[in-house]
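Engineer:
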Amino acid sequence: MLTDPVNPSMQSRLEVRGLHLWRGEHHLLRGISFTLSGGELLQVKGQNGVGKTSLLRCVAGLLPAESGECLWNGVEARLAAAQFNQSLLYLGHSNALKQDLTALENLVFTLGLKRTVSDSDCQQALSRVGIPQCAELPVRVLSAGQRRRVALAQLAMSEAPLWVLDEPITNLDVQGITMLEGLLAEHLARGGAVVSAAHQPLLAGHPGNRELVLN
Amino acid sequence: MLTDPVNPSMQSRLEVRGLHLWRGEHHLLRGISFTLSGGELLQVKGQNGVGKTSLLRCVAGLLPAESGECLWNGVEARLAAAQFNQSLLYLGHSNALKQDLTALENLVFTLGLKRTVSDSDCQQALSRVGIPQCAELPVRVLSAGQRRRVALAQLAMSEAPLWVLDEPITNLDVQGITMLEGLLAEHLARGGAVVSAAHQPLLAGHPGNRELVLN
Amino acid sequence: MNWVWFHKLASPPTAYAFARALRPWLFWPAALMMIWASYAGLFVVPPDYQQQDAFRIIFVHVPAASLSLLVYSMMAIAAGIGLIWRMKLAHAVAAACVLPGAVFTVLALATGAIWGKPMWGAWWAWDPRLTTELILLFMYLGYMALRASFDDIGRADRASAVLALVGLVNIPIIKYSVVWWNSLHQGQTLSLFGKSAIDPSMVTPLLVMLLAFLMFFGALLCDGLCAQILRRERNAQWLLKQVQ
Amino acid sequence: MSVNSQSLSPFSLAALILRRDLHLAARRWDQVLQPLVFFVVVITLFPLAISPELSELRRIAPGILWVAAMLASLLAADALFRPDVEDGVMEQWVLSGQPLAWLLLAKTAGHWLLTGLPLVLVTPLVATGLGVSSEHWLLMFSTLAVGTALLSVLGAIGAALTVGLRRGNMLMALMVLPLEMPVLIFGARAMDMGLHGEAVTGPLSLLAAMLLLSLVLGPFAMAAAIRISIE
Amino acid sequence: MSVNSQSLSPFSLAALILRRDLHLAARRWDQVLQPLVFFVVVITLFPLAISPELSELRRIAPGILWVAAMLASLLAADALFRPDVEDGVMEQWVLSGQPLAWLLLAKTAGHWLLTGLPLVLVTPLVATGLGVSSEHWLLMFSTLAVGTALLSVLGAIGAALTVGLRRGNMLMALMVLPLEMPVLIFGARAMDMGLHGEAVTGPLSLLAAMLLLSLVLGPFAMAAAIRISIE
Ligand code: HEM
Ligand SMILES: Nc1ncnc2c1ncn2[C@@H]1O[C@H](COP(=O)(O)OP(=O)(O)OP(=O)(O)O)[C@@H](O)[C@H]1O
Ligand SMILES: Nc1ncnc2c1ncn2[C@@H]1O[C@H](COP(=O)(O)OP(=O)(O)OP(=O)(O)O)[C@@H](O)[C@H]1O
Ligand SMILES: [Mg+2]
Ligand SMILES: [Mg+2]
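Residue numbers (my numbering), protein chains in the order written: chain B, 135 to 349; chain G, 135 to 349; chain V, 1273 to 1516; chain P, 7 to 237; chain X, 7 to 237.
1) Along chain G, in chain order, which residues have C-beta atoms closer than 8 Å to that of B/T304?
2) Would you mind stating whether B/A327 and B/P295 have Cβ atoms separated by less than 8 Å?
3) Would the beta-carbon of X/F2 fall within 8 Å of that of X/A20?
4) For G/E174, which three-state DSSP category applies?
5) Shortest alpha-carbon distance to B/A211 belongs to which of B/R191, B/A230, B/G226 and B/L225?
6) Please confirm if B/L271 has its CB atom under 8 Å from at least one CB of chain P.
7) Between the alpha carbons of G/V290 and B/G183, how many angstroms are there, rounded?
8) Is there a C-beta anywhere in chain C that falls below 8 Å from the one on G/L247?
9) Would you mind sorting B/T187 into buried or exposed? The rule is 16 or more other CB atoms within 10 Å of its CB.
10) Taking 7 Å as the cut-off, is the CB of G/A331 close to at least one heavy atom of ligand 5?
11) Taking beta-carbon pairs under 9 Å, can you tell me which members of the segment 83-105 of chain X lie near chain G?
12) Identify the contact partners of X/I163 in chain V, using a Cβ-Cβ distance below 9 Å as the criterion.
13) By how many angstroms is the C-alpha of X/L160 removed from the C-alpha of X/L221?
14) Between the segment 181-192 of chain X and chain P, which residues of the former have CB atoms less than 8 Å from a CB of the latter, in chain order?
15) Closest to B/G264 by C-alpha separation, out of B/G310, B/L346, B/H161 and B/E200, would be which residue?
16) Taking the alpha carbon of V/A1351 as the reference point, which residue from V/A1367, V/W1395 and V/V1375 has its own alpha carbon closest?
17) Is B/S228 helix, strand or coil when you go by DSSP?
18) Would DSSP call P/E92 helix, strand or coil?
19) Helix, strand or coil for X/I234, going by three-state DSSP, please let me know.
20) For B/R282, is the beta carbon positioned less than 7 Å from some heavy atom of ligand 6?
21) Around the Cβ of G/G246, are there at least 16 other Cβ atoms within 10 angstroms (buried) or fewer (exposed)?
22) At which residues does the alpha helix (DSSP H) containing B/E320 begin and terminate?
23) Exposed or buried, what is P/T168 when buried is set at 16 or more other beta-carbons lying within 10 Å of its beta-carbon?
24) Closer than 7 Å by beta-carbon distance: list the chain V residues that pair up with X/L111, in chain order.
25) Name the one or two DSSP bridge partners that B/N343 has.
26) Closer than 7 Å: is that where the CB of B/G180 sits relative to any heavy atom of ligand 2?
27) Below 8 Å between beta carbons is the criterion; list the residues of the segment 1497-1511 of chain V that meet it against any residue of chain X, in chain order.
28) Counting only beta-carbon atoms, is P/F44 nearer than 8 Å to chain X?
29) My assumption, with CB atoms under 8 Å, is that P/I236 sits in contact with P/E97. Please give the rounded CB distance.
30) When every heavy atom of ligand 3 is checked, does at least one fall within less than 7 Å of the C-beta of P/A231?
31) Using the beta-carbon of each residue, which ones in chain P are nearer than 8 Å to X/I236?
32) So what does DSSP say about G/S146, is it helix, strand or coil?
33) Using a beta-carbon distance below 8 Å, is G/V209 in contact with chain B?
34) Return yes when at least one heavy atom of ligand 3 lies under 7 Å from the C-beta of G/E345, else no.
35) Quick check on DSSP: helix, strand or coil for V/M1422?
36) Taking Cβ-Cβ distances shorter than 9 Å, what residues in chain P pair up with V/F1410?
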């Protein structure tokens, strides 16, 4: 399903202009601007509490900004929310999994909201992220890293051109990080764009690799 | 408060013998044994889901093992639970913070259960972990890394000889990791012992550094 | 005192074999006694001068009601033993008790309701005894719901044991509700040692029926216990050997 | 690489959500029974606390039934969105690009099927216990069916508003109970009139009209509330 | 480096826990008021649903008060341990090396102070609304004070048992309501007898004896349940 050839004519262009955000008494984001095109990975860095998560949530439209705008393919995301959301995949600090459903069911029901998916696709995605044996286990019994992998399995099936990931490597082991980097590289090669908050560099040396340091 | 000189006569000796644990249909831990003395840091490694968290919870006494024993200074920990708990500091995957209390209050009320603490001690500990400015903020507005630091501030004030830490560096930035390593080194120098689950090496090259790889 | 026999009996393979062996010795005598007591109750005992033939349901009602209380107490005691001495077999016994206990409670309620219609003119009245018996049913249901809510059988055992022990406090209230409140329901009529308040010709069949119910419950308990042991020990060597 | 534009039909979306909730319910069937058992237990409390006499109970039966139904639906409503919000699934729904109001309506419908309907079905049993005769069952069915559906929608709005708050169920009770007051009044009135042999079309059609209105407007209120709650 | 052996006194421990809960309550004062408001709202439902006549209300007043108190305490109990277990604080309590039963008893006492006591204090007000005259206030105070304390302990046991389960509050209702039945029976009976001018020492001392028993044994049940729940 993910075998489409690279399609450079595909539009995936995110533009953030002069984003300002206050949290409490704190002027957290002071005029953040960047542009991101297909094939690029933007890594948002900065100390704990500098505002990475807040920035990502603003971009995803979960947190209203004080001022500034966020354009997707030239259209303000806020105004075409449904369309923008169709092109977006957001993974936050939490994994967004139902503890009582199995890993497989979680995937089916989450992805099913965006498009038609089959169980076998999801099973394949779980194999891709290295936990095929967990498909039938309820998420509540999985380990921290296994839960993270279930959440990341969405990436293996996603057709959304923009991925917004908040510290995706949390709780992952070394193989897990390599696996994630593989997913990211494929996505970039397909012309997708990624915004990721991370304390450790991902895909070091990749041509599309860019950095945004907050402070 | 933590200025006692190194006291090699102090007893801190953890001995785990033939620990077996089942989770569901899964024989997770198959006869784990190790011994740890004061000044040593045991890093438990292994892939996601291999049983690191389960091992740590068994050692802390939160999860009853199928068979095997866990001796603290030669006494079975399960039988002298109150005493063992007084010598133990456990930090799990979750930070054990109340969202509605400030960082300072959280520290005071958590540590107050073990001994008498003053506000200024706690304020100092928060400075030690690099977030003095967060002392009066409710934890719910803190960033993921800041929350982790509040939890770690307990380490800066702990008099317990045994620390059991589950992936302590989660969500920490680079300075945060350095800070944590400093705390660990001090603790080891004082003759304390640490069991830690981690995917990244901590205190590489430290003489007391030991490894337990599960698989 | 030598406890070896006890530990031996408490080991799953022995308990399994023991329960399997014991079951027919409980079941068949119980069946025979039930047949005899039913015959005696339906045809031999003369009709009551007040209730005519309606009273004959007593032969099901009283044993079922007595057992509903007894089984709960047994369950709580077994659970307590399991909790304090960490004995898995005791937990298995408690788990095997709950379903028969709930069924006896339902049976007592149903037969009582059927009997109530001719006697009091209503299926149901909010009488202390009836209401507390209904509460007993809720207690069984709560116990089952709690048990079913845990994935892990060990946790389910211990959590439900705590509940069963706490609920034990209610049993005397149910048992003595007729004594404490004036009630529509019959008071204490049977008495093992003193003189019973009912016609002696009824007493023998009733006592036999009671014993039959007790042994029948014993057989059910053996079945339930075997099922529990099979479930809990499905990975154990001795079971695999037995299957092969 | 392009967005899969073959969009899902509203019905398949609703089916997906219902299917998911039924899955979850099957996994925890005990929890599905709980509002029902709560309803029955609360009703049992009254004869214990007030008076065991059937003649008196019969007079207050509609009131007891409605208060119990309201409380059961209120308690059940707390679990309507909270789990999904807490584990982050609701965030994904908001970002799914599908009409949120529709998703939430489907979820509320599933909720009623699982918690409201069983309550309606068990009414004859408890009504008998309270001394109501069987000729009035149809009346009880119809009023309670409309009423519980209405309570589900109102409860869902309250749940959506309070889901962002910890320990929100008390707050929800406070917000929702006044909203539900009219349901209680008209519902109990319809039942009472019916029990006395009067025509019930008046209050019943009022209830039905309120249900329609809440079905049309409620989902938008829920969607707006959810967006605020997860901010 | 040695373990600080100067141990904390049980009273300073209890004070610490009470202080913490008061802090938390002050931060969310709206939630502290909730059981109280719920109690009042449930009581106002009855005149709406049943009949506004004082003579009739007066007769069922004890029953209504007790059912409302029981439901309010039940709802409040759900939030007793859940937050602490979910954010991992309870784990730290278990590992603190202090007697867990004592910590939990202190927490339950704080819970009663914050949710049970206000309810007792507001009783005269609502009782007046139900047509009970002021000479009976002392009776209401004393029965409800003992009764709500007992309900708090029983609710706490139920909460400790269900806290490891998601959406446990219905399950808790199912488990705890039957256990609380005797409280309801004796409480309503005491009140009823008092309102009719009879001596209430019998049921009241029974309630008090039950409270003592539950205070002695309850904390151990809670501690055992909590250990199982966080496993
Ligand atoms: C739904 C209705 C009823 C329920 C829930 C019920 C429940 C009980 C219970 C719990 C017992 C106690 C057993 C024991 O102490 O071991 C009992 C005993 C008994 N019941 Fe009922 N009962 C009901 C209706 C009736 C009716 C209508 C009658 C006859 C008029 C009746 C006659 C008796 C008698 C004679 C005993 C034996 C009393 C004794 O020897 O202690 N019951 N029932
Ligand atoms: N009400 C408030 N008052 C003061 N400061 C606030 C308030 N709300 C949020 N903040 C601050 O805003 C920041 C939020 O940071 P955010 O979560 O975006 O950080 P982050 O860069 O993702 O950090 P991390 O690396 O730890 O995840 C924190 O520093 C927090 O202290
Ligand atoms: N009921 C169950 N049935 C099957 N497997 C189970 C059950 N409960 C737990 N497990 C398995 O037990 C393991 C628990 O692992 P644990 O949390 O100790 O891992 P970990 O080493 O800490 O992993 P991580 O690095 O991801 O934190 C997981 O592999 C999980 O799938
Ligand atoms: Mg962050
Ligand atoms: Mg882990």
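Every residue, glycine too, gets a C-beta built ideally from N, C-alpha and C.
Structural biologist: Taking the coordinates as given:
1) T304 and N305
2) yes
3) Residue 2 of chain X cannot be examined here, being either before or after the span of chain X that is shown, 7 to 237.
4) coil
5) B/R191
6) no
7) In the sequence as displayed, the identity of residue 290 of chain G is Ala instead of Val. Using only the alpha carbons, I get a separation of about 20 Å.
8) The chain inventory of the structure shown lacks chain C, comprising the protein chains B, G, V, P and X.
9) buried
10) At a cut-off of 7 Å, the beta-carbon of G/A331 counts as near ligand 5: some heavy atom of the ligand is closer than that.
11) P89, D90, E92, D93, G94, V95, M96, E97, Q98, W99, V100, L101, S102, G103, Q104 and P105
12) V1434, L1435 and V1438
13) Taking the straight line from one Cα to the other gives about 10 Å.
14) Flagged, chain order: L183, P184, M187, L190 and I191.
15) With distances taken between Cα atoms, B/G264 lies closest to B/G310.
16) V/A1367
17) coil
18) helix
19) helix
20) Although ligand 6 was asked about, the structure shown includes only ligand 1, ligand 2, ligand 3, ligand 4 and ligand 5 as ligands.
21) buried
22) V308 to A323
23) buried
24) Result: empty, since nearest Cβ-Cβ is about 15 Å, beyond 7 Å.
25) B/L175
26) yes
27) None of the residues of the segment 1497-1511 of chain V has a beta carbon lying less than 8 Å from any beta carbon of chain X.
28) Against chain X, the CB of P/F44 has a partner CB under 8 Å away; the residue lies at that interface.
29) 6 Å
30) no
31) Going along chain P, no residue has its Cβ under 8 Å from X/I236, so there is no contact; the nearest lies around 18 Å.
32) Note: G/S146 maps to coil in three-state DSSP.
33) no
34) no
35) The question names Met, yet the displayed sequence has Phe at residue 1422 of chain V. In the three-state reduction of the DSSP assignment, V/F1422 falls in the coil class.
36) V43, V46, V47 and T50
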